[in-house]
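Q: Chains as they are written, first to last, in the numbering used here: chain W, 31 to 267; chain U, 31 to 267. Even glycine gets a Cβ: it sits at the ideal position worked out from N, Cα and C.
Protein chains: 2
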Amino acid sequence: MNSAANALLTTEEPTETGAQQIRDAIRDAIVERRLSPGTKLSESDVGNLFNVSRTLARAALQALSYEGLVSVEKNRGAFVAYPSPDEARQIFAARRLIEPGILREAAARITTSEIQHLRQLLLEESRLISERGQTARRAEIKASGDFHLTLAAISGNTIMQRFMEELVARSSLVIALYGQSTISSCGHNEHGDIVSAIEAKDLDRACHLMLHHIAHIEADLDLRERKGQGLKEAFDL
Amino acid sequence: MNSAANALLTTEEPTETGAQQIRDAIRDAIVERRLSPGTKLSESDVGNLFNVSRTLARAALQALSYEGLVSVEKNRGAFVAYPSPDEARQIFAARRLIEPGILREAAARITTSEIQHLRQLLLEESRLISERGQTARRAEIKASGDFHLTLAAISGNTIMQRFMEELVARSSLVIALYGQSTISSCGHNEHGDIVSAIEAKDLDRACHLMLHHIAHIEADLDLRERKGQGLKEAFDL
DNA sequence: GCGCAAATAATCGTATACAATTTGATCGCC
DNA sequence: GGCGATCAAATTGTATACGATTATTTGCGC
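Laid out in structure tokens, this is it:
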């Protein structure tokens with residue numbers, strides 16, 4: 031995330047308690063796909079990795095399980111979430127349900143400086159698309175999500191913002207699991223079109239574009255049920 | 031919650047780990063208003079109360095803070111959340127944003143047995159309204175929320191269901207703080223009207239009624255900013 | 001009597017220790 | 001050689017202990 035986006039998206043105080051730092055670090059790793067779905071996150075390993083005790087590692091993993099990014103199984107341990115096709119559909123259904131509303135709210139309150147900010151985000155995004163390398167790909171994934179999160183931030187409803195953060199992060203997991211094309215961003219500049227519609231005060235069109243945008247992302251997924259998924263999962267590890 | 035509602039709303043496995051039991055117990059106490067906003071929840075006290083160590087008490091409080099029902103202040107402790115007027119507005123804005131969508135989804139998938147279930151819920155609710163006593167009041171509060179939660183459950187989207195659980199619980203806190211009339215349920219049987227509209231397959235009307243219903247609840251609040259709120263809070267303790 | 005400072009008490013933040021459960025392996029038996 | 005039971009290793013669940021931070025009270029000076 032670039033610092034400009036950071037300014038709009040972060041609302042927390044500077045002093046984070048240890049567990050939160052670890053939680054954020056692991057979350058970033060999951061969202062940027064450095065950690066694959068199903069990966070085991072043992073409390074000891076996490077603790078050693080960050081040089082803290084199991085207490086903090088456990089707290090971080092618990093927090094991530096509330097966000098749906100990690101699934102903790104009683105007496106078995108924590109794993110990077112492995113969302114089922116049905117779960118994936120629910121995530122995108124939720125996004126289709128709430129993002130139009132967020133968009134309308136955001137469009138009603140948006141300032142010219144915030145529009146500029148969005149445009150700057152798009153510029154950064156397209157620059158990353160043209161770049162090569164794993165680092166650029168990861169940054170692109172994050173930037174793509176930041177567009178939606180920034181809209182939520184502009185809407186001014188911190189509750190919906192937090193909910194969108196969860197949905198965007200989980201979407202990243204779903205795309206990592208079921209995405210077909212190498213990169214989810216379509217050839218069309220759909221984010222840019224949405225900003226243009228907002229700028230033109232054409233809310234209906236903006237919502238329409240948003241719904242299509244979400245549909246496009248979902249269309250790139252292969253959500254067919256794997257037969258014996260539980261078994262396959264074990265083999266793939 | 032009666033056992034019938036329980037059958038539709040609960041999705042968890044029977045064996046809960048200790049912290050979850052404590053979390054649920056405290057959440058119920060908050061939602062049923064046995065715990066007032068601002069009440070201090072010290073880790074030691076909670077632990078002693080449930081005969082567990084601070085570790086579990088802390089985990090439960092952390093979980094509740096993720097749900098927005100408890101606010102933990104670094105090095106100061108945990109308190110039953112004391113939502114600001116602005117926060118209250120955001121909670122209801124979020125409900126206006128998502129409940130129509132949930133309602134449409136639920137109406138599309140609802141079965142006759144689920145409609146019967148809803149009607150039974152309404153019956154129970156009206157019975158509680160006519161009854162006297164604190165116990166009945168608490169049950170009524172819960173029943174009123176269960177109507178919205180049951181709709182979310184019927185919608186089939188567990189993610190939206192969980193989000194609604196959070197919003198309904200936080201709404202209870204807001205009403206406890208800012209509600210003016212002794213009881214939030216209006217004279218009109220608004221829940222019943224919504225079910226009727228669903229039954230008649232008149233979705234637009236059902237959504238319209240839902241929005242009005244939420245607006246009515248919000249209209250009963252006095253969300254004017256209290257001057258010196260922080261001080262007042264201290265005195266009220 | 002009032003205000004300020006230092007000591008005291010209470011509470012949280014984190015680490016470590018022990019108990020319980022699960023997983024994997026070794027050994028014996030069929 | 002295959003199968004089952006028992007045992008060992010690893011991991012989680014929970015409790016306790018200690019250090020750090022904050023709130024309170026006490027005592028002194030004015």
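Quick one: Cα of U/K104 to Cα of W/R139, how far?
A: Roughly 33 Å between the two C-alpha positions.
Q: Going by alpha carbons, who is nearest to W/S174 out of W/L91, W/R192 and W/E155?
A: Among W/L91, W/R192 and W/E155, the Cα nearest to that of W/S174 belongs to W/E155.
Q: Could you say if the stretch 219-228 of chain U and the stretch 239-253 of chain U meet the contact criterion of at least three C-beta pairs nearer than 8 Å?
A: They touch, by the three-pair rule.
Q: Can you pull the DSSP bridge partners for W/G107?
A: Its beta-bridge partners are W/E103.
Q: Could you name the residues of the same chain whose beta carbon sits closer than 6 Å to that of U/G258, not counting the 5 residues immediately before and after it, in chain order?
A: Low confidence applies here, because U/G258 scores a pLDDT of 49, under 50, leaving its location unreliable; read the following figure in that light. Nothing listed; no residue qualifies.
Q: Would you check whether the ligand ATP has a heavy atom nearer than 7 Å to the C-beta of W/G131?
A: As presented, the structure is devoid of all ligands, the ligand ATP included, so that no description of it is given.
Q: Nearest-angstrom Cα distance between U/A206 and U/R192?
A: Each residue's alpha carbon lies about 22 Å from the other.
Q: The alpha helix (DSSP H) spanning W/R230 covers which residue range?
A: For the record, residue 230 of chain W in the displayed sequence is Ala; it is not Arg. Where W/A230 is concerned, there is no enclosing alpha helix (DSSP H), given that its DSSP letter is neither H nor E.
Q: Can you tell me which of the three DSSP states W/L253 falls into?
A: Note: W/L253 maps to coil in three-state DSSP.
Q: Suppose you measure from the CA of U/I128 to the CA of W/E97; what does that come to, to the nearest Å?
A: Whole-angstrom Cα-Cα distance: 19 Å.
Q: Reducing DSSP to helix, strand and coil, say where W/G68 ends up.
A: In the structure shown, W/G68 sits in coil (DSSP, three-state: anything other than H, G, I, E or B).
Q: Comparing alpha-carbon positions, which option in U/A55, U/V61 and U/S101 lies nearest U/L79?
A: Checking every option, the nearest Cα to that of U/L79 belongs to U/A55.
Q: Residues in its own chain within less than 6 Å of W/A49 by CB, not counting five upstream and five downstream?
A: Closer than 6 Å at the Cβ level, and outside the excluded window around W/A49, lie L86, A89 and A90.
Q: With DSSP as the reference, identify every bridge partner of U/G209, one or two as the case may be.
A: Paired residue(s): U/L251.
Q: If we ignore side chains and look at the alpha-carbon of each, how far apart do U/S201 and W/I244 end up?
A: Roughly 30 Å separates the two Cα atoms.
Q: Examine the Cβ distances between the stretch 176-194 of chain U and the stretch 105-123 of chain U and report whether three or more of them are shorter than 8 Å.
A: Contact fails: fewer than three Cβ-Cβ distances are below 8 Å.
Q: By Cβ distance below 7 Å, which residues in the same chain neighbour W/D250 in space, the five residues on each side in sequence not counted?
A: If we look at W/D250 and ignore the five residues flanking it on each side, its Cβ neighbours are G209, Q210, S211 and S214.
Q: Under 7 Å Cβ-Cβ, which residues of chain U neighbour W/G123?
A: In the sequence on display, residue 123 of chain W carries Ala and not Gly. By Cβ distance, chain U contributes N187.
Q: Let me see if you follow: with CB-CB separation under 8 Å, is W/A245 close to chain U or not?
A: So, not an interface residue.
Q: Below 8 Å, can you find three or more Cβ-Cβ pairs linking the stretch 144-161 of chain U to the stretch 133-149 of chain W?
A: In short, these stretches do not touch, since the Cβ pair count stays below three.
Q: For U/Q50, would you say it is in contact with chain W, using Cβ-to-Cβ distances shorter than 8 Å as the test?
A: By this cut-off, U/Q50 is not an interface position.
Q: In terms of residues, what are the limits of the alpha helix (DSSP H) holding W/T142?
A: That run of the alpha helix (DSSP H) goes T142 to S160.
Q: With distances taken Cα to Cα, identify the nearest neighbour of W/R149 among W/G77, W/R254, W/L71 and W/D223.
A: When each option's Cα is compared against that of W/R149, the closest is W/D223.
Q: For a contact meaning CB atoms closer than 9 Å, what does W/A89 contact in chain U?
A: Residues of chain U passing the Cβ test: R88, A89 and Q92.
Q: Quick check on the DSSP output: the alpha helix (DSSP H) that includes U/N219 runs from which residue to which?
A: Careful: U/N219 lies outside any alpha helix (DSSP H) and carries neither H nor E.
Q: If U/R63 sits next to U/R168, beta carbons under 8 Å apart, how far is it from one beta carbon to the other, in whole angstroms?
A: Indeed, because the Cβ distance is near 7 Å, the residues count as touching under 8 Å.
Q: Of the residues W/R84, W/R254, W/L233 and W/K172, which one's Cα is nearest the Cα of W/L203?
A: Closest by alpha carbon: W/K172.
Q: For a contact defined as C-beta to C-beta under 9 Å, what are the partners of U/T69 on chain W?
A: Chain W residues near U/T69: none, gap ~22 Å exceeds 9 Å.
Q: Give the straight-line distance between the Cα atoms of W/P115 and W/I121, rounded to the nearest whole angstrom.
A: If I take the Cα positions, the gap works out to 10 Å.
Q: I think W/L153 touches W/F177, with their Cβ atoms under 8 Å apart; what is that distance to the nearest whole Å?
A: Between W/F177 and W/L153 the Cβ distance is about 12 Å, and since that is not below 8 Å, they are no contact.
Q: Once the 5 residues before and after U/T69 are set aside, which same chain residues still bring their CB inside 6 Å of it?
A: Excluding sequence neighbours, U/T69 sits near V110.
Q: Give a yes or no on whether 8 Å exceeds the smallest Cβ distance from U/M190 to chain W.
A: Yes, because at least one Cβ of chain W sits closer than 8 Å to the Cβ of U/M190.
Q: Closer than 7 Å between beta carbons: that is the criterion. Which residues of the stretch 94-111 of chain U meet it against chain W?
A: Here the close residues are Y96 and K104.
Q: Since W/T47 meets chain U, which of its residues come closer than 7 Å, beta carbon to beta carbon?
A: Those are K104, listed as they occur along chain U.
Q: Identify the continuous alpha helix (DSSP H) that holds U/P115 and give its terminal residues.
A: That run of the alpha helix (DSSP H) goes P115 to R139.
Q: Assuming U/N81 contacts W/A123 (C-beta within less than 8 Å), just tell me the rounded distance between them.
A: So it is not a contact: roughly 42 Å between Cβ atoms.
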